[in-house]
Amino acid sequence: MSSADDQELAKKLSNPVASLISVPFQLNYDEDVGAGNGERFQLNIQPVIPFGISKDWNLISRTIFPIVSQNDVVPSEGSQFGTGDTVQSLFFSPKAPTASGLIWGVGPVFLLPTASENTLGSEKWGAGPTGVVLRQSGPWTVGMLANHIWDYAGDSHRNDINSTFLQPFTSYTTPAAWTYTVNSESTYDWEANQWSAPVNFQITKLTSLGSQPFSVGGGLRYWVESPDDSGPDGWGVRLIATLLFPE
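Per the working numbering, the very first residue in the sequence shown carries number 139; after that it's consecutive.
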């Protein structure tokens, strides 16, 4: 591929509803987590699969499946390793931007209780609306992804879920297919009236191995706000590797 093709493909990775099959592997490390001031490694496997459902519309499936290893996060519980709860989003999105250049998608989001241990998940089923809107102009991508999840079934002894997720993002992609991104992945818990609000700074590079394009990178994040009894504190680290399957 030419450098222009590389830049365009890298920009598609900044678009959550791009017509591009991708499989990101996102490894996060946080410390001072929870009341036990423990540490957590979380690998998010996040396949994105677009389906053309008509001449003008796509259905974009975005999945977040976490694998977690944590230590001293839950007091007196020691270490845990296993899967967490899955978040499954579906976006109905026009194939072409609007006349003003906006790219958007809306649909449902589901919370699936796939945690292998009760300390790694909510033991609740949840659902709600999700949406994304962005604009790409030259090397810049600016937008917002959001959802809201309520629980509707599951263990009645566990905390209710009523949470809003906000992900504002800005990225800049160079002609050499380097992408610099700043975003937040903030959640507001309406039951506890608490924010979990990290700010992420990351750099990725599009490259290829033979005919297989992929993106690699990493960055730092800082927790501006998090619950004292369950959230991380201070700085964290993120590593990212993404396989791409362009049409």
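Virtual Cβ for every residue (Gly too), placed ideally from N, Cα, C. Bear in mind that the values here come from a model prediction, so they are computed numbers and not experimental data.
Bridge partners of residue i, per DSSP?
{"i": "W328", "result": "In DSSP, W328 forms no bridge with anything."}
{"i": "N168", "result": "The sequence given here places Asp at residue 168; Asn does not occur at that position. Paired residues: R178 and G374."}
{"i": "V206", "result": "Q180 and G220"}
{"i": "V161", "result": "L381"}
{"i": "G281", "result": "L272 and F307"}
{"i": "E363", "result": "A335"}
{"i": "Y318", "result": "Y310 and I341"}
{"i": "G357", "result": "Q340 and R376"}
{"i": "S294", "result": "Per DSSP, none; premise fails for S294."}
{"i": "T201", "result": "Q226"}
{"i": "A264", "result": "The amino acid at residue 264 is misidentified as Ala; the sequence shows Gly. G264 pairs with L249 and D289."}
{"i": "G243", "result": "V270"}
{"i": "V186", "result": "S160 and R200"}
Who are the near neighbours of residue i in its chain, counting only those whose CB is closer than 8 Å to its CB and skipping five residues on each side?
{"i": "D194", "result": "P232, K233 and A234"}
{"i": "A291", "result": "K262 and W263"}
{"i": "D289", "result": "L249, S260, K262, W263, G264, D298, I299 and N300"}
{"i": "T252", "result": "F203, T221, G222, D223, T224 and G259"}
{"i": "V354", "result": "T342, K343, T345, I378, A379 and T380"}
{"i": "M282", "result": "V270, V271, L272, L304, Q305, P306 and F307"}
Spatial neighbours of residue i within its chain, please: CB distance less than 7 Å, with the 5 preceding and 5 following residues excluded, ordered by chain position.
{"i": "S254", "result": "G220 and T221"}
{"i": "N209", "result": "G176, E177 and S217"}
{"i": "D327", "result": "S301"}
{"i": "Y318", "result": "S309, Y310 and I341"}
Assuming residue i and residue j form a contact by the criterion Cβ under 8 Å, report the distance between their Cβ atoms to the nearest whole angstrom.
{"i": "R273", "j": "I241", "result": "7 Å"}
{"i": "A284", "j": "T308", "result": "Not quite, the Cβ-Cβ distance comes to about 16 Å (not below 8 Å), so this is no contact."}
{"i": "E169", "j": "P370", "result": "7 Å"}
{"i": "G243", "j": "V155", "result": "4 Å"}
{"i": "H286", "j": "G259", "result": "That pair is no contact at about 19 Å."}
{"i": "T380", "j": "P162", "result": "4 Å"}
{"i": "T345", "j": "F352", "result": "7 Å"}
{"i": "L382", "j": "S160", "result": "5 Å"}
{"i": "Q340", "j": "I378", "result": "7 Å"}
{"i": "L165", "j": "R376", "result": "7 Å"}
{"i": "S275", "j": "G239", "result": "7 Å"}
Going along the chain, which residues of its own chain have a beta-carbon closer than 6 Å to the beta-carbon of residue i, five neighbours each way excluded?
{"i": "S227", "result": "R200, V247 and T268"}
{"i": "S207", "result": "F179 and F219"}
{"i": "P188", "result": "S157, N196 and I198"}
{"i": "E363", "result": "W333 and A335"}
{"i": "S368", "result": "G172"}
{"i": "D144", "result": "A315 and L344"}
{"i": "L304", "result": "A284 and S324"}
{"i": "N182", "result": "Q164, I202 and P204"}
{"i": "D293", "result": "E261"}
Could you give the DSSP three-state label for residue i: helix, strand or coil?
{"i": "K233", "result": "coil"}
{"i": "K193", "result": "coil"}
{"i": "L381", "result": "strand"}
{"i": "A156", "result": "coil"}
{"i": "D144", "result": "helix"}
{"i": "N300", "result": "strand"}
{"i": "T312", "result": "coil"}
{"i": "T252", "result": "coil"}
May I ask you to verify whether the stretch 284 to 298 touches the stretch 311 to 324, counting CB pairs closer than 8 Å and requiring at least 3? no
So, does the stretch 171 to 189 touch the stretch 209 to 217, judging by three or more C-beta pairs under 8 Å? yes
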